[in-house]
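Residue numbering for the sequence shown follows our numbering, beginning at 2 and increasing consecutively.
Glycine residues also receive a C-beta, built at the ideal position from the N, C-alpha and C atoms.
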Amino acid sequence: MNQSDGLDAAEREALVARTMARVERLRGLEFRDSVPVEVIDRAEYRNRSVFDGDRSAAYDEWHDQVWEAPLLVGEDRDVADEFDALYGGAVQGYYSPGNDRIVVVSDAADPRIDRATLAHELVHALQDQHFGFGRADSRDAALAGRGLTEGDARYVEIRYERRCSAASERGSETSAATGTAADSETAAADPGTATAGDTEVGSESDAGWDCVPRPSRSGGGGEPVNGGLFAYIYQPYADGPAFVHRLRERGGWAAVNAAYDDRPASTEQTIHPERYPGETPASVAVPDRSTGDWGRFDLDRESERLGETGLFAMFRHRDYAGDGYREGDLPYSSRNYSAAPADGWAGDRLVPYRRGDGPDAAFGYVWAIRFDDEREAREFRRAYRAMLELRLGARVVDRDAGVYRVPQGPFADAFRIERDGRRVVITNAPTVEALDGVRDPPE
Numbered sequence: 002m003n004q005s006d007g008l009d010a011a012e013r014e015a016l017v018a019r020t021m022a023r024v025e026r027l028r029g030l031e032f033r034d035s036v037p038v039e040v041i042d043r044a045e046y047r048n049r050s051v052f053d054g055d056r057s058a059a060y061d062e063w064h065d066q067v068w069e070a071p072l073l074v075g076e077d078r079d080v081a082d083e084f085d086a087l088y089g090g091a092v093q094g095y096y097s098p099g100n101d102r103i104v105v106v107s108d109a110a111d112p113r114i115d116r117a118t119l120a121h122e123l124v125h126a127l128q129d130q131h132f133g134f135g136r137a138d139s140r141d142a143a144l145a146g147r148g149l150t151e152g153d154a155r156y157v158e159i160r161y162e163r164r165c166s167a168a169s170e171r172g173s174e175t176s177a178a179t180g181t182a183a184d185s186e187t188a189a190a191d192p193g194t195a196t197a198g199d200t201e202v203g204s205e206s207d208a209g210w211d212c213v214p215r216p217s218r219s220g221g222g223g224e225p226v227n228g229g230l231f232a233y234i235y236q237p238y239a240d241g242p243a244f245v246h247r248l249r250e251r252g253g254w255a256a257v258n259a260a261y262d263d264r265p266a267s268t269e270q271t272i273h274p275e276r277y278p279g280e281t282p283a284s285v286a287v288p289d290r291s292t293g294d295w296g297r298f299d300l301d302r303e304s305e306r307l308g309e310t311g312l313f314a315m316f317r318h319r320d321y322a323g324d325g326y327r328e329g330d331l332p333y334s335s336r337n338y339s340a341a342p343a344d345g346w347a348g349d350r351l352v353p354y355r356r357g358d359g360p361d362a363a364f365g366y367v368w369a370i371r372f373d374d375e376r377e378a379r380e381f382r383r384a385y386r387a388m389l390e391l392r393l394g395a396r397v398v399d400r401d402a403g404v405y406r407v408p409q410g411p412f413a414d415a416f417r418i419e420r421d422g423r424r425v426v427i428t429n430a431p432t433v434e435a436l437d438g439v440r441d442p443p444e
């Protein structure tokens with residue numbers, strides 16, 4: 002099969018059927034229904050605005066505060082536009098649960114399908130047919146759930162590509178001996194051979210597959226994406242495969258399947274697979290202590306939880322994560338999302354606030370974070386204060402009270418950082434005088 006001039010309907014049908022059979026073999030599950038596949042170009046994908054929805058002005062303002070709090074999107078940017086730019090250029094395909102179909106985004110004029118993208122999205126179709134996707138009550142919980150679903154799909158995708166690579170390498174060998182060097186290298190590089198409870202026959206390297214060449218990618222183009230937001234949304238793809246591999250080591254595919262009935266509760270569990278399922282996020286209360294004209298948004302959802310990944314992305318985006326984001330330490334982990342100031346996360350709750358309406362409206366937030374112990378809380382507070390001073394140019398107003406002011410730039414606001422035992426509370430307001438309006442500190 003040659004994609005140099007695109008794929009006609011018959012070729013596409015054959016490619017999808019063959020890939021479905023291979024995904025079934027690798028994943029140990031059978032499809033219950035066929036999966037339609039549509040190919041569109043990137044311009045059409047952008048026009049479809051897949052990630053747009055019906056949003057009120059109040060929600061947009063609330064949403065802006067959610068992403069301003071971890072210092073990822075400043076007041077000079079619109080969060081919705083940042084996400085549109087991020088997804089519009091990066092997405093290679095997606096599975097639509099509502100339509101039970103896969104949409105592949107092609108960068109070529111003629112319809113072409115990336116074999117790895119197709120395998121990945123077919124795993125999502127398989128998940129939908131067997132387990133469903135569930136719902137989450139916070140960004141962190143949603144990202145943790147995607148650590149399982151995207152990790153599962155990416156794990157199979159990696160194994161699929163190794164079969165294709167093994168065949169390609171084997172074809173270039175001149176040796177006629179049974180079992181080539183390429184086979185041995187593939188086996189050595191892959192710790193994820195079949196284990197007890199798997200239905201996949203043999204090991205990763207017992208046979209290579211003839212695969213269609215992958216089309217070249219032109220990239221999304223346009224403006225550079227927000228690196229902090231990218232780090233946040235990429236976490237399931239980076240840590241998810243290692244999480245799934247850890248489950249499979251424990252009990253084969255049966256253990257992975259069982260995880261869909263007990264999904265990860267926080268990204269802490271997918272960053273540190275050894276903490277699943279035992280370490281669930283702590284409940285963090287944020288009593289409303291606003292005064293004057295300050296108050297919470299009148300929305301169905303007034304608070305958010307960003308999780309350990311939110312803390313990591315904040316420090317990483319400000320180049321304050323140490324060696325964080327280097328290559329992952331675990332098998333199948335492409336990035337390391339562990340950073341000392343974030344590792345002790347136990348729970349958080351972020352509540353945006355507002356005063357007034359229209360062009361004269363002012364905004365702030367209260368972000369309460371709980372840590373495993375007081376030492377971790379002190380470490381976070383120390384790192385956060387240093388980051389404000391060294392990366393944002395904050396000036397100390399009252400060090401004992403933890404009050405700082407960033408005089409200029411997209412994060413020009415007042416901050417108060419308080420610690421009480423294992424709990425750190427960050428209060429943000431436009432001015433130092435407004436801090437008590439957002440949150441009147443306890444006596």
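Any 3 or more C-beta pairs closer than 8 Å across the segment 360 to 378 and the segment 419 to 432 | Result yes; three or more Cβ-Cβ pairs closer than 8 Å.
Pick from VAL226, ALA145, ARG102: whose alpha carbon is nearest that of ALA91?
-> Out of VAL226, ALA145, ARG102, VAL226 has the C-alpha closest to the C-alpha of ALA91.
Nearest CA to the CA of ARG249: which residue from ASP9, ASN100, VAL157?
-> Checking every option, the nearest Cα to that of ARG249 belongs to VAL157.
Quickly, what does DSSP pair PHE416 with across the bridge? List them, please.
-> TYR405, ASN429
Nearest-angstrom Cα separation, counted from HIS246 out to HIS318 = C-alpha separation (whole angstroms): 28 Å.
Inter-residue Cα distance where the pair is ASP211 and THR20 | Whole-angstrom Cα-Cα distance: 11 Å.
ALA445 versus GLY146: straight-line alpha-carbon distance, rounded = Look at the range of the chain in this structure, 2 to 444, and you will see that residue 445 is not part of it.
Is it the case that the Cβ atoms of ALA243 and SER339 are separated by a distance below 7 Å?
-> Going by C-beta atoms, ALA243 is not nearer than 7 Å to SER339.
LEU351 - partner residues in DSSP beta bridges = Answer is GLU305, TRP368, bridged to LEU351.
GLY135 - DSSP class collapsed to helix/strand/coil | Coil.
What are the start and end residues of the beta strand (DSSP E) that includes TYR46?
-> Careful: TYR46 lies outside any beta strand (DSSP E), inside the alpha helix (DSSP H) at 43 to 49.
List the residues that DSSP assigns as beta-bridge partners of ASP399.
-> VAL404
Assign LEU351 to one of two classes, buried (16 or more other C-beta atoms within 10 Å of its C-beta) or exposed (fewer than that).
-> Classified as buried, LEU351 has 16 or more neighbouring CB atoms from the shown chains inside 10 Å of its CB.
Please specify which runs of the beta strand (DSSP E), each continuous and at least 3 residues long, are wholly inside the segment 81 to 111, giving them in chain order.
-> 94 to 97, 102 to 107
Give every residue of the same chain whose Cβ lies closer than 8 Å to the Cβ of SER97, excluding the five residues on either side of it in the sequence, and list them in chain order.
-> ILE103, VAL104
Measure the alpha-carbon distance for GLY438 versus ALA266 and round it to whole angstroms.
-> Each residue's Cα considered, the two are about 33 Å apart.
Whole-angstrom distance between ALA362 and GLY445, CA atom to CA atom = No information on residue 445 is available, as it lies outside the stretch 2 to 444 that the chain covers here.
Under three-state DSSP, which class holds ASP421?
-> strand
Please name the residue or residues paired with ARG297 in a DSSP beta bridge.
-> TYR354
Compare the Cα-Cα distances from THR310 to each of GLU269, PRO408, ALA387 and report the closest residue.
-> GLU269
Of the listed residues ASP301, ARG306, SER291, nearest to SER284 (C-alpha basis) = That would be ARG306, whose Cα lies nearest to the Cα of SER284.
Where GLU151 and TYR238 are concerned, what is the direct C-alpha to C-alpha distance, given to the nearest angstrom?
-> 6 Å
Under 8 Å by Cβ, that's how I've got LEU30 and HIS131 pegged, so tell me the actual separation to the nearest angstrom.
-> 6 Å
Answer with buried or exposed for LEU467, where buried requires no fewer than 16 other C-beta atoms within 10 angstroms of its C-beta.
-> Because the chain is modelled from 2 through 444, residue 467 falls outside the range shown and cannot be assessed.
When you compare only the Cα positions, how much space is there between ALA259 and ARG251?
-> 12 Å
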